[in-house]
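K.L.:
Number of protein chains: 2
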Amino acid sequence: MTNDDEMAFEMALIRRAAAIEVLLRRLLDDRPLSGEIARPDRLMAAMRHGVLNGGKRLRPFLVMESAALFSADGEAALRVAAALECVHCYSLIHDDLPAMDDDDLRRGQPTVHKAFDEATAILAGDALLTLAFDIIAGEATLLPAERRAALVLALARAAGAGGMVGGQKLDLEAEQAAPDEAGIIRLQAMKTGALIRFACEAGAIIAGAPAEDRERLAEFGSAIGLAFQLADDLLDLTADASQMGKATGKDAAAGKATLVALHGVNWARSQLHGLVGQAHALLDPYGDKAALLKEAATFVATRNS
Amino acid sequence: MTNDDEMAFEMALIRRAAAIEVLLRRLLDDRPLSGEIARPDRLMAAMRHGVLNGGKRLRPFLVMESAALFSADGEAALRVAAALECVHCYSLIHDDLPAMDDDDLRRGQPTVHKAFDEATAILAGDALLTLAFDIIAGEATLLPAERRAALVLALARAAGAGGMVGGQKLDLEAEQAAPDEAGIIRLQAMKTGALIRFACEAGAIIAGAPAEDRERLAEFGSAIGLAFQLADDLLDLTADASQMGKATGKDAAAGKATLVALHGVNWARSQLHGLVGQAHALLDPYGDKAALLKEAATFVATRNS
Numbered sequence: 006m007t008n009d010d011e012m013a014f015e016m017a018l019i020r021r022a023a024a025i026e027v028l029l030r031r032l033l034d035d036r037p038l039s040g041e042i043a044r045p046d047r048l049m050a051a052m053r054h055g056v057l058n059g060g061k062r063l064r065p066f067l068v069m070e071s072a073a074l075f076s077a078d079g080e081a082a083l084r085v086a087a088a089l090e091c092v093h094c095y096s097l098i099h100d101d102l103p104a105m106d107d108d109d110l111r112r113g114q115p116t117v118h119k120a121f122d123e124a125t126a127i128l129a130g131d132a133l134l135t136l137a138f139d140i141i142a143g144e145a146t147l148l149p150a151e152r153r154a155a156l157v158l159a160l161a162r163a164a165g166a167g168g169m170v171g172g173q174k175l176d177l178e179a180e181q182a183a184p185d186e187a188g189i190i191r192l193q194a195m196k197t198g199a200l201i202r203f204a205c206e207a208g209a210i211i212a213g214a215p216a217e218d219r220e221r222l223a224e225f226g227s228a229i230g231l232a233f234q235l236a237d238d239l240l241d242l243t244a245d246a247s248q249m250g251k252a253t254g255k256d257a258a259a260g261k262a263t264l265v266a267l268h269g270v271n272w273a274r275s276q277l278h279g280l281v282g283q284a285h286a287l288l289d290p291y292g293d294k295a296a297l298l299k300e301a302a303t304f305v306a307t308r309n310s
Numbered sequence: 006m007t008n009d010d011e012m013a014f015e016m017a018l019i020r021r022a023a024a025i026e027v028l029l030r031r032l033l034d035d036r037p038l039s040g041e042i043a044r045p046d047r048l049m050a051a052m053r054h055g056v057l058n059g060g061k062r063l064r065p066f067l068v069m070e071s072a073a074l075f076s077a078d079g080e081a082a083l084r085v086a087a088a089l090e091c092v093h094c095y096s097l098i099h100d101d102l103p104a105m106d107d108d109d110l111r112r113g114q115p116t117v118h119k120a121f122d123e124a125t126a127i128l129a130g131d132a133l134l135t136l137a138f139d140i141i142a143g144e145a146t147l148l149p150a151e152r153r154a155a156l157v158l159a160l161a162r163a164a165g166a167g168g169m170v171g172g173q174k175l176d177l178e179a180e181q182a183a184p185d186e187a188g189i190i191r192l193q194a195m196k197t198g199a200l201i202r203f204a205c206e207a208g209a210i211i212a213g214a215p216a217e218d219r220e221r222l223a224e225f226g227s228a229i230g231l232a233f234q235l236a237d238d239l240l241d242l243t244a245d246a247s248q249m250g251k252a253t254g255k256d257a258a259a260g261k262a263t264l265v266a267l268h269g270v271n272w273a274r275s276q277l278h279g280l281v282g283q284a285h286a287l288l289d290p291y292g293d294k295a296a297l298l299k300e301a302a303t304f305v306a307t308r309n310s
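Sequence order for the protein chains is A and B.
Sequence positions in the first sequence follow the working numbering and run 6 to 310.
Sequence positions in the second sequence follow the working numbering and run 6 to 310.
#1: Relative to chain A, which residues along the segment 81-104 of chain B have a C-beta separation below 7 Å, given in chain order?
#2: With a CB to CB cut of under 7 Å and the five nearest residues on each side skipped, what residues in its chain are close to residue 326(A)?
#3: Hey, how far is the Cα of residue 280(A) from the Cα of residue 233(A)?
#4: Among 158(A), 75(A), 133(A), which has the Cα closest to the Cα of residue 166(B)?
#5: Do you know offhand how far residue 297(B)'s Cα is from residue 90(B)'s?
#6: Quick one: what does DSSP say residue 173(A) is sitting in, helix, strand or coil?
#7: Measure the C-alpha to C-alpha separation of residue 201(A) and residue 106(A) and round it to an integer number of angstroms.
#8: Buried or exposed: where does residue 243(A) fall if 16 or more other Cβ atoms within 10 Å of its Cβ makes it buried?
#9: Can you give me the start and stop residues for the alpha helix (DSSP H) that residue 79(B) sits inside?
#10: Please report how far the alpha carbon of residue 237(B) lies from the alpha carbon of residue 164(B), in whole angstroms.
#11: Residue 48(A) CB to nearest chain B CB: under 8 Å?
#12: Tell me, which residues are paired with residue 111(B) by DSSP?
#13: Whole angstroms is fine: what's the gap from residue 162(A)'s alpha carbon to residue 157(B)'s?
#14: Can you list, in chain order, the residues of the segment 165-189 of chain B whose Cβ is nearer than 9 Å to any Cβ on chain A?
#15: Is residue 149(A) helix, strand or coil by DSSP?
#16: Hey, could you find the ends of the alpha helix (DSSP H) residue 227(B) is sitting in?
#17: Can you give me, in chain order, the residues of the segment 134-158 of chain B that have a beta carbon less than 7 Å from any beta carbon in chain A?
#18: To the nearest angstrom, how far is the alpha carbon of residue 57(B) from that of residue 63(B)?
#19: Taking Cβ positions, are residue 65(B) and residue 81(B) nearer each other than 8 Å?
#20: Listed in chain order, which residues of the segment 118-132 of chain A have Cβ atoms closer than 9 Å to some Cβ of chain B?
#21: Can you tell which of 27(B), 28(B), 33(B), 139(B) has the C-alpha that lies nearest to the C-alpha of residue 40(B)?
#22: If I follow the unbroken alpha helix (DSSP H) through residue 376(B), where does it start and stop?
#23: Looking at C-alpha atoms only, which residue of 184(B), 52(B), 268(B), 61(B) is the closest neighbour of residue 137(B)?
#24: Below 8 Å CB to CB, which residues in the same chain sit around residue 141(A) once its five sequence neighbours on both sides are set aside?
#25: Return the CA-CA distance between residue 27(A) and residue 28(B), expressed in angstroms with no decimal places.
#26: Answer yes or no: do residue 179(B) and residue 261(B) have a C-beta to C-beta separation smaller than 8 Å?
#27: Under a Cβ-count criterion, where at least 16 other Cβ atoms within 10 Å of its own Cβ denotes burial, should residue 186(A) be classed as buried or exposed?
#28: Name the residue from 213(B), 194(B), 25(B), 217(B) whose alpha carbon lies nearest to the alpha carbon of residue 149(B).
#29: Beta carbon of residue 67(A), beta carbon of residue 301(A): below 8 Å?
#30: Please classify residue 23(A): is it buried, with 16 or more other beta-carbons within 10 angstroms of its beta-carbon, or exposed?
#31: For chain B, find out if any of its Cβ atoms is closer than 8 Å to the Cβ of residue 111(A); answer yes or no.
#32: Suppose you measure from the CA of residue 8(A) to the CA of residue 123(B); what does that come to, to the nearest Å?
#33: Ordered along the chain, which non-local residues of its own chain (more than five positions away) have a Cβ less than 7 Å from that of residue 315(A)?
#34: Do residue 208(A) and residue 17(A) have their beta-carbon atoms positioned less than 8 Å apart in this structure?
#35: Quick one: is residue 37(B) near chain A, going by C-beta distance under 8 Å?
#36: Straight-line CA distance for residue 47(A) to residue 272(B)?
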C-alpha cells in the first residue's frame, strides 16, 4: 500500500463518518416514530450522548464499503450501518457501567452513567439496541423484506448470547479465572469479532450477493476482527491515556489474559502482519474495487489510537 | 360471562403457558445457534432464571389467541409469543436492578441480580432482548419475510424509547416529580400498555389480516393494557405480599402517582368495568371465536394476583 492509498482511505473514512453522523442525529432526535407515543427527552439525550461522541465509525465504514463492493444501494447500506453503530454504542454504554468495567471516561468525555445516571444509562443502552432492529426492519431501509429479515437475524446472532453479549460475559469471568489461549481466542471472537464480522458480511446481504461472497466477506471480517483486538491489546500496553481518550495499561494492571501478554509484543506484531495479508488475499477476487476495504484492514492493524 | 367461560379461559391459559414453557426451555438451552461460537453457561442459566419462573404467560396467550382469531399458523404464533415473553422478561430483569426498582424478589424467587450478580443480570437482559428479534426474524418462524419484518418493526416500536423503555424512564422520573393525570396515562400506556397492545396486534400481523383488523386488535390491546395497569395499581393497594409474590404497598409508601391514588378505589373499579366493556365490544365482529380473548379482558381486570 502506498501513502496515496492510505490517504484515500482516511478521507473515505471521514466522509462515511460524516454521512453516518447526519443520519444518527436524525434517528436520535426527539420526534416520536410512527406508532410511538413519545420519546422522553432525557432518555433521548442520554442516547445521543452515547452515540454522537465523535467515534471513527469503523463498523459503519465496513458496512458501507462492503456494500459498495457489490454495488448495493448506498442509502440502504447507510441505514444498516447506523443500526450497527447503535448496537456498538449500546454495548459501550453497558460495558462502562459500574457493575461491569466501571469506566468514567470514553473518548475523553464522561460515560453515560456519569453524565446522566446509572438507570438512564441502562435504559439508553436498551433503547439503542431496540432501535437498531427498528431501523433495519423498517421499509425506509429500502430493501426487500427477505434481506431485512436476514439482516435482523445476522445482527441478532452477532450481538446476542453466542456473540458480543456472550463475549462480554466471558470477559467478566476471565477476571476471576484466566482463560487459556483457546479461551482468549473464543472470548475475543465473540466480544469484538462478531460485530466486525457482521459489518463486513452485511454488505453482501444488503446487495443480495451470492452465499460464497457473503461467506468470503464474513471471513474477511473475522480476520480484521482478530487484528482489531490484537492491535487493541498492543495499544493498551504501549499507548498512553491521552492518545486513547480512555484509561490504558488496565489489562496489565488487572493481570488480564491477552494474547499479547501470553506471547509478547513481537509475536503480536507478526500475527497482525499475517492477518492483514490473509484479509487482503480474501479480497483479491474483487480487484481494485476492494482497495479501500483492504486499506481498512491495514488501518485496523496499525492504528495508534 | 358464565363460570364455564371463566373455566374455559383458565384451562386455555394453562395449556398455552405449557406450550410456551416447552419452547422457551428449548430456545434457552446451552446449544449454540447456527453462526454462534458458544453461549456461556452462566449467562444462559441467568436467562433461564429470568424467564422460566412460572409466569402466567399472559402476553404469549394474547399473541396466540389473537392469531387463532384469524386462523393463523399455530407454530408461527407460538414462536412470536415466545419472543415477546423474552422481551417482557428482559424488562423485568432490568427493572429489578439496584439502579432501577431495586427488587430482591420476583414471584417469590430471588431476582436475577440476587441469584447471580448485577453484571450478569444486565447481560442476561441484553441477550434476551436480542434473542427476541433472532426468534422472530428466523425462517423457523414459518412466516413470509414480509410478516417477519413487520413483526420485528412493531415489536421494536413497542419495546423502544417511544414504548416500554421510554415508559420505564418516565416511571423513574415520576419518583422525582409526580406527573399529572395525562402524564400518568402516557407513562402507563408506554410502560405496560405498548407490549400488551403489540401482543394483540401481533396475531393479526402473523395471520396477514387486513389493516382494519390489525387496528381493531391493537385497540383491544390498548384497552386491556389500561385495565391491566389499573388492576395492578389496585392490587398494590389491596393485596398482600404473599398473594402477589412480591412486595406490595410500595406505590403508596413511595407516594407514587397512580390513577387509583388520584381518583380512589371505587372510581378505578368503575373504570375497569368500562374498559372491559369497551374491549369486548371491539371483538364483537368476530363472534364466538373471540370468546377466550374476551374472557382474557375480564381476567386482566379482575385478577387478584
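Ideal Cβ placement from N, Cα and C applies to all residues, glycine included.
If you're wondering where the values come from, they're calculated on a predicted model, not measured in any experiment.
P.N.:
Looking at the atomic coordinates:
#1: 99, 102, 104
#2: Residue numbering for chain A in the displayed model covers 6 to 310; residue 326(A) lies beyond these limits and cannot be assessed.
#3: Here residue 280(A) corresponds to residue number 275 of the first sequence, with the count starting at 1. Here residue 233(A) corresponds to residue number 228 of the first sequence, with the count starting at 1. Approximately 10 Å between the Cα atoms of the pair.
#4: Residue numbering aside, residue 166(B) sits at position 161 when the second sequence is read from its first letter. Closest in C-alpha terms to residue 166(B), from the list 158(A), 75(A), 133(A), comes 133(A).
#5: Taking the second sequence and counting its residues from 1, one reaches residue 297(B) at position 292. Taking the second sequence and counting its residues from 1, one reaches residue 90(B) at position 85. Residue 297(B) and residue 90(B): Cα-Cα distance of roughly 20 Å.
#6: For the purposes of this step, residue 173(A) is identified with residue 168 of the first sequence, where counting begins at 1. Helix at residue 173(A).
#7: Against the first sequence, residue 201(A) aligns to sequence position 196. Against the first sequence, residue 106(A) aligns to sequence position 101. Straight-line Cα distance between these residues: approximately 21 Å.
#8: The sequence position of residue 243(A) within the first sequence is 238, counting from 1. Around the beta-carbon of residue 243(A), fewer than 16 other beta-carbon atoms lie within 10 Å, marking it exposed.
#9: Working through the second sequence from its first residue, we reach residue 79(B) at position 74. 79-100 is the extent of the alpha helix (DSSP H) around residue 79(B).
#10: Counted from its first residue, the second sequence places residue 237(B) at position 232. Counted from its first residue, the second sequence places residue 164(B) at position 159. Approximately 20 Å between the Cα atoms of the pair.
#11: Locating residue 48(A) in the first sequence gives position 43, counting from the first residue. Closer than 8 Å: yes.
#12: Residue 111(B) sits at position 106 when you count from the first residue of the second sequence. Answer is 114(B), bridged to residue 111(B).
#13: On the first sequence, position 157 is the one that residue 162(A) refers to. On the second sequence, position 152 is the one that residue 157(B) refers to. Each residue's alpha carbon lies about 15 Å from the other.
#14: 165, 166, 167, 168, 169, 170, 171, 172, 173, 174, 175, 177, 178
#15: Position 144 of the first sequence, counted from the first residue, corresponds to residue 149(A). Here residue 149(A) sits in coil by DSSP.
#16: Taking the second sequence and counting its residues from 1, the one referred to as residue 227(B) is at position 222. From DSSP, the alpha helix (DSSP H) with residue 227(B) extends over 216-243.
#17: 134, 135, 136, 138, 139, 142, 143, 150, 151, 153, 154, 157, 158
#18: Looking up residue 57(B) in the second sequence gives position 52. Looking up residue 63(B) in the second sequence gives position 58. Looking at the two C-alpha atoms, the distance is approximately 14 Å.
#19: Position 60 of the second sequence, counting from 1, holds the residue named residue 65(B). Position 76 of the second sequence, counting from 1, holds the residue named residue 81(B). No, Cβ-Cβ distance for residue 65(B) and residue 81(B) is not below 8 Å.
#20: 118, 122, 123, 124, 125, 126, 127, 128, 129, 130, 131, 132
#21: Counted from its first residue, the second sequence places residue 40(B) at position 35. Of the listed residues, the one whose Cα sits closest to residue 40(B) is 139(B).
#22: Residue 376(B) falls outside the range modelled here, since chain B spans only 6 to 310, and no answer is possible.
#23: Taking the second sequence and counting its residues from 1, the one referred to as residue 137(B) is at position 132. Checking every option, the nearest Cα to that of residue 137(B) belongs to 52(B).
#24: Translated into positions along the first sequence, residue 141(A) becomes position 136. 84, 85, 88, 153, 156, 157, 160.
#25: Residue mapping note: residue 27(A) aligns to position 22 of the first sequence, counting from 1. Residue mapping note: residue 28(B) aligns to position 23 of the second sequence, counting from 1. When rounded, the distance between both Cα atoms is 42 Å.
#26: Indexing the second sequence from 1 puts residue 179(B) at position 174. Indexing the second sequence from 1 puts residue 261(B) at position 256. Closer than 8 Å, so yes.
#27: Position 181 of the first sequence holds residue 186(A). So residue 186(A) ends up on the exposed side.
#28: In the second sequence, the residue the question calls residue 149(B) occupies position 144. Checking every option, the nearest Cα to that of residue 149(B) belongs to 213(B).
#29: Here residue 67(A) refers to the residue found at position 62 of the first sequence. Here residue 301(A) refers to the residue found at position 296 of the first sequence. At a Cβ-Cβ threshold of 8 Å, residue 67(A) and residue 301(A) count as neighbours.
#30: Residue numbering aside, residue 23(A) sits at position 18 when the first sequence is read from its first letter. Exposed, by the Cβ-count rule.
#31: Stepping through the first sequence from its first residue, residue 111(A) is reached at position 106. No, its Cβ sits nowhere closer than 8 Å to a Cβ of chain B.
#32: As a first step, residue 8(A) is located in the first sequence; it is residue number 3 there, counting from the start. As a first step, residue 123(B) is located in the second sequence; it is residue number 118 there, counting from the start. Near 48 Å, if we compare the C-alpha coordinates of residue 123(B) and residue 8(A).
#33: Residue 315(A) cannot be examined here, being either before or after the span of chain A that is shown, 6 to 310.
#34: Looking up residue 17(A) in the first sequence gives position 12. Looking up residue 208(A) in the first sequence gives position 203. No.
#35: As a position in the second sequence, residue 37(B) is number 32, starting the count at 1. By this cut-off, residue 37(B) is an interface position.
#36: As a first step, residue 47(A) must be located in the first sequence, where it is residue number 42. As a first step, residue 272(B) must be located in the second sequence, where it is residue number 267. Using only the alpha carbons, I get a separation of about 33 Å.
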